[in-house]
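Student:
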Ligand code: FES
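In the numbering used here, the protein residues as written are 536 to 707.
Below, the structure is given as C-alpha cells:
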C-alpha cells in the first residue's frame, strides 16, 4: 500500500469515527437541555404584580364588610399550586380590601354583624369595621391590600405579612 493510500484510509477512518461521536453529542445535548428545562426551579419574580379578581364593582354594595374568596398561584421550586384566600371588601370605604388573616398567629377572622366588628376565633382579638385593632393579642389591625379597578372588576394584590408584629412586614 502506498503512502497516499495509507493516508486516505486513515482520513476515512477518522471521518467515520466522527459520525457516531457527532450523533451521540447531539443526543446528549438534547437530553441535557430537556432535563435542565424540567428540573430547574421556576423563577418567581417577587416584585411582579399579580392581580386577582375579587368581584364585579356592581356587587360591592351595602354598609357591611363583604367576604370574598380569591385564588392565588403559589410557586414553590418548580411546583405550582393554587391556594384560596379570603379577603374582606369594605364597600362603604371606597372598596378597601382587608386580608382576613389575623395578624396575631394567622387564623381567619370573621365579621360579626351584631357587634359590627371582626373577631378572631383563636385567641380573641377584635378589630373594628375598618380593620383597626380593638383588643386582644394581635399587635396591629387587619392588613389592607393593594387594590385597583380593571374592566369593571375590583382586583387585589394578595400579600401575606409577618405574624405578631406591630408593623406590616411583607413576607419574602
Ligand atoms: Fe387571631 Fe391569635 S390568631 S388572636
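For every residue, glycine included, the Cβ atom is placed at its ideal position computed from N, Cα and C.
Because the structure is a prediction, the values reported are computed rather than measured.
Mapping the DSSP letters down to three states, classify residue 546 as helix, strand or coil.
Tutor: Walking along the chain shown from the start, residue 546 turns up at place 11. Residue 546 falls in the helix class under three-state DSSP.
Student: Pull up the CB-CB distance for residue 666 and residue 677, whole angstroms please, since I reckon it's below 8 Å.
Tutor: Locating residue 666 in the chain shown gives position 131, where the first residue counts as 1. Locating residue 677 in the chain shown gives position 142, where the first residue counts as 1. At roughly 4 Å, the Cβ-Cβ gap stays under 8 Å, so residue 666 and residue 677 are in contact.
Student: Can you look up residue 627 in the DSSP assignment and give me helix, strand or coil?
Tutor: As a working note, residue 627 is residue 92 in the chain shown. If DSSP states are grouped into helix, strand and coil, residue 627 belongs with the helices.
Student: On the DSSP bridge assignment, give the partners of residue 608 in chain order.
Tutor: Position 73 of the chain shown, counting from 1, holds the residue named residue 608. Note: residue 608 sits in a beta bridge opposite 617.
Student: My output table needs one value for residue 540: the three-state DSSP class, helix, strand or coil.
Tutor: Here residue 540 corresponds to residue number 5 of the chain shown, with the count starting at 1. Here residue 540 sits in helix by DSSP.
Student: Check whether the segment 640 to 650 and the segment 587 to 597 touch, using three or more Cβ-Cβ pairs below 8 Å as the test.
Tutor: Short answer: they don't touch.
Student: Run through the DSSP bridge pairs and tell me what residue 596 is partnered with.
Tutor: Along the chain shown, one-based indexing puts residue 596 at 61. Paired residues: none, contrary to the question.
Student: Should residue 589 be labelled buried (16 or more other beta-carbon atoms within 10 Å of its own) or exposed?
Tutor: Taking the chain shown and counting its residues from 1, the one referred to as residue 589 is at position 54. Buried.
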